[in-house]
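Number of protein chains: 2
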Amino acid sequence: MANIQEVAQKAGVSVATVSRVLNQHPTVTAKTRLKVETAIEELNYEPSMLGRNLRNSESRLLLVLIPSISNPFYTEIINGIEDTAITNGYNILLCDTDSNPQREHIYFNMVKNKLADGIISMDPAVDMEKLNGLAMQYPIIQCSEYDEKGTIPYVTIDNQLAAYRAVKHLIKLGHKKIALINSDERFLYARERRAGYEQALREFNLPIQEKWIYHTNHLEFEFGQQAMRKLLQTDEKPTAVFSVSDTLAIGALKEINAHELNVPEDIALVGFDKISFSNMTNPTLTTVSQPMYKMGCTAADMLIKKIHNKDVESVILDHELVIRESTMG
Amino acid sequence: MANIQEVAQKAGVSVATVSRVLNQHPTVTAKTRLKVETAIEELNYEPSMLGRNLRNSESRLLLVLIPSISNPFYTEIINGIEDTAITNGYNILLCDTDSNPQREHIYFNMVKNKLADGIISMDPAVDMEKLNGLAMQYPIIQCSEYDEKGTIPYVTIDNQLAAYRAVKHLIKLGHKKIALINSDERFLYARERRAGYEQALREFNLPIQEKWIYHTNHLEFEFGQQAMRKLLQTDEKPTAVFSVSDTLAIGALKEINAHELNVPEDIALVGFDKISFSNMTNPTLTTVSQPMYKMGCTAADMLIKKIHNKDVESVILDHELVIRESTMG
DNA sequence: CTGAAAGCGCTAACAT
DNA sequence: ATGTTAGCGCTTTCAG
Chain F
1 MANIQEVAQK AGVSVATVSR VLNQHPTVTA KTRLKVETAI EELNYEPSML GRNLRNSESR
61 LLLVLIPSIS NPFYTEIING IEDTAITNGY NILLCDTDSN PQREHIYFNM VKNKLADGII
121 SMDPAVDMEK LNGLAMQYPI IQCSEYDEKG TIPYVTIDNQ LAAYRAVKHL IKLGHKKIAL
181 INSDERFLYA RERRAGYEQA LREFNLPIQE KWIYHTNHLE FEFGQQAMRK LLQTDEKPTA
241 VFSVSDTLAI GALKEINAHE LNVPEDIALV GFDKISFSNM TNPTLTTVSQ PMYKMGCTAA
301 DMLIKKIHNK DVESVILDHE LVIRESTMG
Chain A
1 MANIQEVAQK AGVSVATVSR VLNQHPTVTA KTRLKVETAI EELNYEPSML GRNLRNSESR
61 LLLVLIPSIS NPFYTEIING IEDTAITNGY NILLCDTDSN PQREHIYFNM VKNKLADGII
121 SMDPAVDMEK LNGLAMQYPI IQCSEYDEKG TIPYVTIDNQ LAAYRAVKHL IKLGHKKIAL
181 INSDERFLYA RERRAGYEQA LREFNLPIQE KWIYHTNHLE FEFGQQAMRK LLQTDEKPTA
241 VFSVSDTLAI GALKEINAHE LNVPEDIALV GFDKISFSNM TNPTLTTVSQ PMYKMGCTAA
301 DMLIKKIHNK DVESVILDHE LVIRESTMG
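What follows is the structure in structure tokens.
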């Protein structure tokens with residue numbers, strides 16, 4: 001592979017001139033530019049990012065940390081990030097951390113090692129302490145999940161309000177026995193959504209019953225099934241279920257059907273995230289829609305600003321309750 | 001951020017010695033090693049990959065091209081790739097090409113630009129000509145989808161045999177009117193699966209009817225719905241459907257239900273890929289399971305071998321027909 | 001066993 | 001408008 005030297009030689013100019021052509025400096029004559037471009041063509045030259053990056057100490061690579069690529073929730077967010085990044089001359093590196101600290105470590109090192117210019121973290125299970133430490137030296141943005149005590153800018157929705165609205169919707173439908181399938185409350189979104197759930201119940205003077213609140217560490221379908229199985233075993237079965245993720249809700253739906261019960265007649269069901277599957281179930285799933293694409297764009301914008309040492313403020317975006325068959329008696 | 005110079009200075013040694021410590025050269029005295037390690041500790045030094053990579057002209061980064069992160073089919077493959085890569089000291093860069101040639105171009109350039117050491121392509125829509133061109137100079141492996149005319153090593157399954165078995169399963173169940181929901185036949189897997197479908201029909205003297213073969217350009221649920229809608233409009237409705245992807249099959253199931261028909265009583269259904277959602281539908285979906293994790297591991301292994309200039313041979317892995325409720329009358 | 005120095009490919013002063 | 005040159009951070013001969 002040819003390097004800048006050979007191009008310079010072939011074009012009969014200095015490497016500086018080649019570099020100028022490469023970087024579209026206006027001070028190059030049309031004639032020399034042509035000579036250089038011809039040489040580049042003939043040698044099939046491709047500039048090495050390595051040299052450029054070392055010199056400029058930037059990589060124009062953005063790291064995006066997700067806990068698992070299999071969670072469809074992230075799909076649209078990533079599209080937003082990617083589109084925005086590319087528009088701004090950055091590329092993204094999708095990092096599946098598997099919520100594994102060791103992998104996380106590798107990716108953290110990439111930014112320390114100058115292999116990436118910044119990080120967008122969407123991993124709720126990320127080591128917040130480490131992340132906060134890193135953020136003192138390197139550009140970092142959090143998307144969706146964040147650390148309320150930390151200083152890292154984030155983009156998210158009002159989880160409590162969203163949960164409140166979802167549960168209120170169930171109450172308005174006449175439900176009084178509403179269960180919650182929650183994820184691990186060491187995650188902020190889980191705590192916030194639970195707060196919204198409780199807020200709605202309290203507002204309508206409904207008791208908060210521990211037996212109707214189920215926690216699960218994972219978000220895969222099977223854990224939704226398991227959660228529902230437990231809820232159906234309680235002495236007093238709930239007539240409605242609010243689940244903090246669509247994947248869990250879909251598992252719950254499966255389990256409800258397995259018990260020969262119907263949604264929404266016997267049990268109404270609300271999910272969260274509006275993943276594409278949620279419209280394929282039978283019945284279709286009422287859910288909370290987050291502006292995922294926009295979240296992604298915003299997060300990428302914020303990160304790029306941060307990389308350029310501009311100040312950025314955290315952003316809270318709007319959500320929407322999407323009412324579908326699973327709550328339409 | 002400290003560099004190797006400062007470490008050398010602090011430790012009272014030369015940069016060469018620091019480098020030796022960094023790279024675990026055996027020729028360093030325990031004493032000097034300690035001095036250097038202390039200095040590294042104190043300065044919080046992290047070696048820059050940029051300098052190292054430039055010098056070694058390798059990045060230890062692997063590119064993985066997928067058409068869309070939203071397709072759950074790729075999830076397990078990527079886990080396999082990632083685990084294998086990390087074990088061998090490589091990291092992976094997930095590239096969502098969106099089947100967009102422009103994005104593809106960006107990622108191709110990354111390997112030309114020395115920002116990545118090689119590519120695993122899983123994008124059926126990739127520009128095969130370009131990919132073959134690249135492969136003459138850079139390490140490239142194809143996973144799942146490949147170019148039969150090209151020379152790039154690949155790992156895949158026997159798509160024709162898998163389809164043949166799926167359709168034979170339907171025939172054995174007594175079905176004679178079997179429809180095919182196929183994807184675009186400019187993709188090899190689509191052509192092969194269709195060949196398997198036809199092979200099974202021919203073997204049992206069943207006519208191949210064009211009206212029961214539907215092609216769709218996309219794999220999202222809605223296209224499965226649309227396909228099924230068309231198939232239900234034919235003068236003679238099929239009693240079984242083989243779909244080349246689970247996502248399409250799930251869309252078809254949705255549409256069948258919308259017409260007040262039942263699976264499998266009215267129409268039996270077979271998908272392909274065994275995505276996790278295929279076990280959440282009602283009824284659960286009979287499907288073809290590919291050894292996805294293993295495919296990923298194999299592809300990564302092959303690529304790393306290729307990077308080290310070793311010869312690699314294409315691999316065809318086993319598949320399995322997973323019989324579930326959608327074909328259990 | 002360790003140090004000096006060259007050089008990977010590129011960009012940006014500075015000089016002309 | 002173009003050339004010369006230093007240097008980004010690292011590894012690796014080559015000497016000693």
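Quick mapping for you: the protein sequence lines, in order, are chains F and A.
With the UniProt record's numbering, the residue at position 97 of the first sequence is 97, and numbering never jumps.
With the UniProt record's numbering, the residue at position 227 of the second sequence is 227, and numbering never jumps.
Ideal placement from N, C-alpha and C gives every residue a C-beta, glycine not left out.
Remember, predicted model here, so these are calculated numbers, not experimental data.
**Prompt:** Under the rule that 16 or more other beta-carbon atoms within 10 Å means buried, what is residue 71 of chain A, buried or exposed?
**Reply:** Taking the second sequence and counting its residues from 1, the one referred to as residue 71 of chain A is at position 71. By the neighbour-count criterion, in which a residue is buried when 16 or more other Cβ atoms sit within 10 angstroms of its Cβ, residue 71 of chain A is buried.
**Asked** Would you call the stretch 137-145 of chain A and the stretch 191-205 of chain A touching, i.e. three or more CB-CB distances under 8 Å?
**Response** Judged by pairs of C-beta atoms under 8 Å, the stretch 137-145 of chain A does not touch the stretch 191-205 of chain A, as fewer than three such pairs exist.
**Request:** Could you confirm whether any beta carbon from chain F is found closer than 7 Å to the beta carbon of residue 332 of chain A?
**Result:** Since the displayed chain A opens at 1 and closes at 329, residue 332 of chain A lies outside it and no answer follows.
**Message:** Less than 6 Å between C-beta atoms, sequence neighbours within five positions excluded: which residues of the same chain meet that for residue 196 of chain A?
**Reply:** For the purposes of this step, residue 196 of chain A is taken as the residue at position 196 of the second sequence. The answer, listed in chain order, is 160, 163, 164.
**Request:** Run down chain F in chain order and give the residues with a C-beta less than 8 Å from the C-beta of residue 51 of chain A.
**Result:** On the second sequence, position 51 is the one that residue 51 of chain A refers to. Within 8 Å of the CB of residue 51 of chain A, the CB atoms of chain F belong to 54, in sequence order along the chain.
**Asked** Given a threshold of 16 other Cβ atoms within 10 Å of its Cβ, counted over all protein chains shown, does residue 30 of chain F qualify as buried or as exposed?
**Response** For the purposes of this step, residue 30 of chain F is taken as residue 30 along the first sequence, with counting starting at 1. With fewer than 16 other Cβ atoms within 10 Å, it is exposed.
**Message:** Along the chain, where does the alpha helix (DSSP H) containing residue 293 of chain A start, and where does it finish?
**Reply:** Taking the first residue of the second sequence as position 1, residue 293 of chain A is located at position 293. First-last of the alpha helix (DSSP H) with residue 293 of chain A: 292-307.
**Asked** Counting contacts by CB-CB distance shorter than 7 Å, is residue 331 of chain A in contact with chain F?
**Response** Nothing about residue 331 of chain A can be reported from this structure: the residues present for chain A run from 1 to 329 only.
**Message:** Since residue 217 of chain A and residue 246 of chain A should fall inside the 8 Å C-beta cutoff, what is the C-beta to C-beta distance between them, to a whole number of angstroms?
**Reply:** Locating residue 217 of chain A in the second sequence gives position 217, counting from the first residue. Locating residue 246 of chain A in the second sequence gives position 246, counting from the first residue. Their Cβ separation, rounded to whole angstroms, is 17 Å, which puts residue 217 of chain A and residue 246 of chain A out of contact at 8 Å.
**Request:** Starting from residue 118 of chain F, follow the beta strand (DSSP E) in both directions and report where the run begins and ends.
**Result:** Mapped onto the first sequence, residue 118 of chain F falls at position 118. Taken as a continuous stretch (DSSP letters only), the beta strand (DSSP E) holding residue 118 of chain F covers 118-121.
**Item:** Same chain, Cβ closer than 6 Å to residue 39 of chain A, five either side skipped, listed in chain order
**Value:** Translated into the one-based positions of the second sequence, residue 39 of chain A becomes position 39. So the list reads 7, 10, 11, once near-sequence residues are dropped.
**Asked** In terms of residues, what are the limits of the beta strand (DSSP E) holding residue 154 of chain F?
**Response** In the first sequence, the residue the question calls residue 154 of chain F occupies position 154. Secondary structure note for residue 154 of chain F: its beta strand (DSSP E) is the uninterrupted segment 154-157.
**Rounded Cβ spacing between residue 305 of chain A and residue 315 of chain A (contact assumed at less than 8 Å)** = Taking the first residue of the second sequence as 1, we reach residue 305 of chain A at position 305. Taking the first residue of the second sequence as 1, we reach residue 315 of chain A at position 315. A Cβ-Cβ separation of about 12 Å leaves residue 305 of chain A out of contact with residue 315 of chain A under the 8 Å criterion.
**Prompt:** In its own chain, which residues sit with a C-beta less than 7 Å from the C-beta of residue 60 of chain F, not counting the 5 before and 5 after it?
**Reply:** Here the question's residue 60 of chain F lines up with position 60 in the first sequence. Once the five neighbours on either side are set aside, the close Cβ partners of residue 60 of chain F are 89, 90, 91, 117.
**Request:** Taking C-beta pairs closer than 9 Å, name the residues in chain F that residue 251 of chain A reaches, listed in chain order.
**Result:** By 1-based counting over the second sequence, the position of residue 251 of chain A is 251. Among the residues of chain F, those whose CB is under 9 Å from the CB of residue 251 of chain A are 280, following chain order.
**Message:** Which residues does DSSP list as the beta-bridge partners of residue 350 of chain A?
**Reply:** In the structure as shown, chain A starts at 1 and stops at 329, and residue 350 of chain A therefore has no counterpart that could be examined.
**Item:** Those runs of the alpha helix (DSSP H) which lie wholly inside the stretch 18-99 of chain F and span at least 4 residues
**Value:** Counting only runs of 4 or more, we get 30-43, 49-56, 74-87.
**Message:** Which residue marks the beginning of the beta strand (DSSP E) containing residue 317 of chain A, and which one marks its end?
**Reply:** Within the second sequence, numbered from 1, the residue matching residue 317 of chain A stands at position 317. In the DSSP annotation of this structure, the continuous segment of the beta strand (DSSP E) that includes residue 317 of chain A starts and ends at 315-317.
**Prompt:** Leaving out five residues before and five after residue 82 of chain F in sequence, what residues of the same chain have Cβ atoms less than 7 Å from its Cβ?
**Reply:** Translated into positions along the first sequence, residue 82 of chain F becomes position 82. Cβ neighbours of residue 82 of chain F beyond the five flanking positions: 92.
**Request:** Please work out which residues of its chain come closer than 6 Å, Cβ to Cβ, to residue 201 of chain A, disregarding the five sequence neighbours upstream and downstream, and give them in chain order.
**Result:** For this step, residue 201 of chain A is matched to residue 201 along the second sequence. Cβ within range, chain order: 208.
**Prompt:** DSSP puts residue 241 of chain A in a beta bridge; with which residues?
**Reply:** If you number the second sequence from 1, residue 241 of chain A lands on position 241. In DSSP, residue 241 of chain A forms a bridge with A/179, A/269.
**Item:** Any C-beta of chain F under 7 Å from that of residue 93 of chain A
**Value:** Taking the second sequence and counting its residues from 1, one reaches residue 93 of chain A at position 93. With 7 Å as the cut-off, residue 93 of chain A counts as an interface residue toward chain F.
**Prompt:** At least one CB of chain F closer than 7 Å to the CB of residue 272 of chain A: is that the case?
**Reply:** Residue 272 of chain A sits at position 272 when you count from the first residue of the second sequence. Residue 272 of chain A does not count as touching chain F.
**Asked** To the nearest angstrom, how far is it from the Cα of residue 21 of chain A to the Cα of residue 55 of chain A?
**Response** Sequence index remark: in the second sequence, residue 21 of chain A carries index 21 (1-based). Sequence index remark: in the second sequence, residue 55 of chain A carries index 55 (1-based). Those two C-alpha atoms are separated by around 17 Å.
**Request:** Can you pull the chain A residues whose beta carbon is under 7 Å from the beta carbon of residue 112 of chain F, in chain order?
**Result:** As a working note, residue 112 of chain F is residue 112 in the first sequence. Under a criterion of Cβ atoms nearer than 7 Å, the residues of chain A adjacent to residue 112 of chain F are, in order, 46.
**Request:** Show which residues of chain A have a CB atom less than 9 Å away from the CB atom of residue 262 of chain F.
**Result:** In the first sequence, counting from the first residue as 1, residue 262 of chain F sits at position 262. Within chain A, no residue comes near residue 262 of chain F; the closest Cβ sits about 11 Å away, beyond 9 Å.
**Prompt:** Any chance the stretch 228-237 of chain F sits against the stretch 167-186 of chain F, with 3 or more Cβ pairs inside 8 Å?
**Reply:** The stretch 228-237 of chain F, when compared against the stretch 167-186 of chain F, does touch it at the 8 Å Cβ threshold.
**Asked** Can you tell which of A/224, A/23, A/259, A/220 has the C-alpha that lies nearest to the C-alpha of residue 67 of chain A?
**Response** Your numbering for residue 67 of chain A matches position 67 in the second sequence. For residue 67 of chain A, the nearest C-alpha among the options comes from A/220.
**Request:** Give the interface partners of residue 223 of chain F over in chain A, defined as CB-CB distance under 7 Å, in chain order.
**Result:** Taking the first residue of the first sequence as position 1, residue 223 of chain F is located at position 223. Here the premise fails: no neighbours, minimum Cβ distance about 12 Å.
**Prompt:** Which chain A residues sit within Cβ distance under 8 Å of residue 96 of chain F?
**Reply:** Translated into the one-based positions of the first sequence, residue 96 of chain F becomes position 96. Near residue 96 of chain F (Cβ distances below 8 Å), the residues of chain A are 78, 79, 82, 94.
**Request:** Check each candidate in F/307, F/324, F/300, F/281 and name the one with the smallest Cα separation from residue 86 of chain F.
**Result:** Counting from one through the first sequence, the residue named residue 86 of chain F turns up at place 86. In terms of CA proximity to residue 86 of chain F, F/300 leads the group F/307, F/324, F/300, F/281.
**Prompt:** What does residue 254 of chain F touch in chain A if you count any residue whose Cβ is under 8 Å from its own?
**Reply:** Along the first sequence, one-based indexing puts residue 254 of chain F at 254. Listed along chain A, the residues sitting closer than 8 Å to residue 254 of chain F by beta-carbon distance are 280, 282.
**Message:** Which residue wins for smallest C-alpha separation from residue 32 of chain A, given the options A/230, A/13, A/24?
**Reply:** For this step, residue 32 of chain A is matched to residue 32 along the second sequence. It is A/13.
**Asked** Can you list, in chain order, the residues of its chain whose CB lies under 7 Å from that of residue 166 of chain F, leaving out five sequence neighbours each side?
**Response** Stepping through the first sequence from its first residue, residue 166 of chain F is reached at position 166. 242, 270, 288, 321.
**Asked** Tell me which same chain residues have a C-beta within less than 8 Å of the C-beta of residue 98 of chain A, skipping the five on either side of it?
**Response** Within the second sequence, numbered from 1, the residue matching residue 98 of chain A stands at position 98. Beyond the five residues adjoining it in sequence on each side, residue 98 of chain A comes within less than 8 Å, by CB distance, of 67, 68 in the same chain, given in chain order.
**Request:** Count the other C-beta atoms from every protein chain shown that fall within 10 angstroms of the C-beta of residue 26 of chain A, then say buried if there are 16 or more, exposed otherwise.
**Result:** The residue you call residue 26 of chain A lines up with position 26 of the second sequence. Flag for residue 26 of chain A reads exposed.
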